Amino acid sequence: MNHIQPLVWRKRLSLSATFLFFLLLGVACKKKENTLGQNNIDQNELLSSATTDTFSITSLSYLNDSIISDNPPFGILGSYNDPKFGMYNSEIYTQFRLSGLSPELGDINAIVVDSFVLALEYVGATAFYGEMGNQTFEVFEINEDLNIDSTYYSSDEKIHTGSDLVMPGMEVIDMDPTNITVVNSDTIDSQLRIHLSTSKAAEFIAESDAATGSFDDNDAFLAYFKGLHIKTNNFAQNNGKGGAFYFNLSDPASKLTIYYTLNGSQETYDFLINSSCADFNHVEIDNSMSNVSSVINDTVSGQVEYYAQSFGARAVIRIPGLNSIPENAIVHTATLILPVQYQTGAKYAPSSDISVAITEAEGDSQLFGIGTASYNPSARSYEIDLRSYIQGLVSNSTENNGVVLSPILYNTSAERIIFNGPNTINKEKPILKILYTEF
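Okay, so the sequence shown: first residue is 1078 according to our numbering, each after it adds one.
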C-alpha cells in the first residue's frame, strides 16, 4: 500500500448532486444568536425568518489536456493498473551536465569500464502511489534538444536515437524505497539504480579522449549528448498491480556514473542532474475501459460518483441554487463536506489535501484558487470553507460557474480520488451547511 503523508500526498474527495443548505437566519430576540458583528449591527434591522432548503447540484469530471510538467519538484516513474481508473504511466526526460570540464580520465588503452549506472534517489521510503514490486525498465538516448527555458507538457515526447541502453538481463528491478542501497561499501539513501550498457560509457570515454570539444563545457556536451528518456515497459500489467514512484532529481545522488578501473585503481566519473538541467514528466493515462471515461463531461453519470486524478480528470460541482440566496444576506459560515470512497489501508489512498478553484466563465480552462482542504481520515471526507466564495456570489462579485477540485499535487503525483455523487448508494452524501443573516 502507499503511505505518503510526509509529502502531503494523500487525499480523497466526494461531492454530490443534492446539497443540504441550512439557512439559519438570525433573529433579534437573542443577541447570542447573532455573535458575528453584534457590536456593529443594529439588531432591529435583522429579518426574523429562518428556512432550510435543499438545492440540486450537478457533479461531473472533465479532462485537462495542457498540463505543464517541466522542472517538477519530483520526477515520477512507473506504472500501475488501477481497477477503477485504468492505466497510469509516468516517464522522465532529463538532461545531464558534466561534473568536471575536460576530464582527464587516464590512458584510454588502460581503462576497463566496470559498470555504467543511472542512479535516481527516492524522495523517501513512503513516496510512491500503488504498491512496491518489480517493474521492467527501458532507457533511451534522446535526439532532440531540451531547453531549460522552454515549457514542456505532460503529453510531450522526444525522439529517440539508438536502442534501449539498459544492460540485457538487468531490465527488471524491484521498486522498493525501503531497500538499503550500498555503493562501494557505503550505505546511502535509497536509490533506484539502473545498469546501462558499458559500451555507451566507453563511447563517452573515447569522445573525451579524442578532445573534440564535447567535454570542454556544458553547452558543447549537451550538443553531443542531449539526455535520456527513462521509462518502464510493464506489458499487460495485471489489474491492481504496479505503482508510481517519486524521485529527487535535484539531489546530488541522482546522477549517471561511469565506474572504471585504471591500472588497478577504482575510478568514477559523474554526469549530473541539477537545477540547470531541463527535465519533465511524460504521463499517459488510459481511462477508456473504466467508468471514468463515462463520467467525463457527462452530468448524468457523474451524479452517482465522479473523479479527480493527477494529470487527468478534475472534479466539478455546480450549485445553481446558490443564486437564490438574498442579496442582502451576510454569510457567516459555509462548509462543504465531501465524503469519499476509501477503506482504510486500501492501496490507492486519498490525497492529504485538495485544491479548490473557480473559473471566470463556464468552461474556461484558467483556474483561480480559492482555497485548500485536508482529508479527515476518521470521517473519510474533506471539509471546504466556502464562506468567502458564496459571499462573493451573493454580492455579485463572483460568477456561479461551479467549484473545481483536484489533488493539490495535480502535476506532481499519481493520485486519484473517487467522490460520492448526490445519487450515491453509499451512506454518506455531500452536504453544504450555510449560516447567514439577512438584513
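Every residue, glycine too, gets a C-beta built ideally from N, C-alpha and C.
If you're wondering where the values come from, they're calculated on a predicted model, not measured in any experiment.
Annotation for LYS1332: ALA1196, ASP1347, PHE1348, LEU1349 and ILE1350 place their beta carbon closer than 7 Å to its own, counting only its chain and skipping 5 residues before and after.
Non-local beta-carbon contacts of LEU1470 in its own chain, meaning distances under 6 Å to residues more than five positions away in sequence, involve LEU1399 and ASN1477 in chain order.
Secondary structure note for VAL1471: its alpha helix (DSSP H) is the uninterrupted segment 1464-1471. Shown here, ALA1297 sits in a helix according to DSSP, grouped into three states. Just so you know, the alpha carbons of GLU1361 and SER1367 end up roughly 15 Å apart. Residue pairing by DSSP places ASN1453 opposite SER1458 in a beta bridge. Within the model, the alpha-carbon separation for ASP1286 versus PHE1445 is close to 54 Å. Approximately 6 Å separates the beta-carbon atoms of THR1410 and ARG1464; this is inside 8 Å, confirming the contact. Residue pairing by DSSP puts THR1238 in a beta bridge opposite GLU1218.
Relative to the Cα of LEU1269, the nearest Cα in the group SER1232, ILE1467 and ALA1330 belongs to ALA1330. DSSP, reduced to helix, strand and coil, places ILE1282 within a helical segment of the structure shown.
With fewer than three CB-CB distances shorter than 8 Å, the segment 1223-1234 does not count as touching the segment 1175-1190. In the structure shown, ILE1307 adopts extended strand secondary structure according to DSSP, grouped into three states. Between ALA1355 and ILE1153, the beta carbon gap of about 16 Å keeps them out of contact (Cβ cut-off 8 Å).
In this structure ASP1222 is exposed. Its beta-carbon is surrounded by fewer than 16 other beta-carbon atoms within 10 angstroms. One Cα belongs to ALA1278, the other to SER1387, and the distance between them is close to 36 Å. Beta-bridge annotation (DSSP): HIS1359 is paired with GLU1168. Between SER1428 and ILE1485 a beta carbon distance of about 6 Å is seen, short of the 8 Å cut, so the two are scored as contacting. DSSP, read as helix, strand or coil, puts LEU1182 in coil.
Here MET1247 is exposed: its Cβ has fewer than 16 other Cβ atoms, across all protein chains shown, within 10 Å. Here DSSP, grouped into helix, strand and coil, assigns PRO1397 to helix. In the DSSP annotation of this structure, VAL1372 is not part of any beta strand (DSSP E); the continuous alpha helix (DSSP H) holding it starts and ends at 1368-1372. Here GLU1437 has GLN1443, PHE1445, GLU1476 and ASN1478 as same chain residues with Cβ atoms under 8 Å from its own Cβ, once five neighbours each way along the sequence are excluded. Look at ALA1187 here: in three-state DSSP terms it is helix. Membership of MET1209 in any beta strand (DSSP E) is not indicated, and neither H nor E is assigned to it by DSSP.
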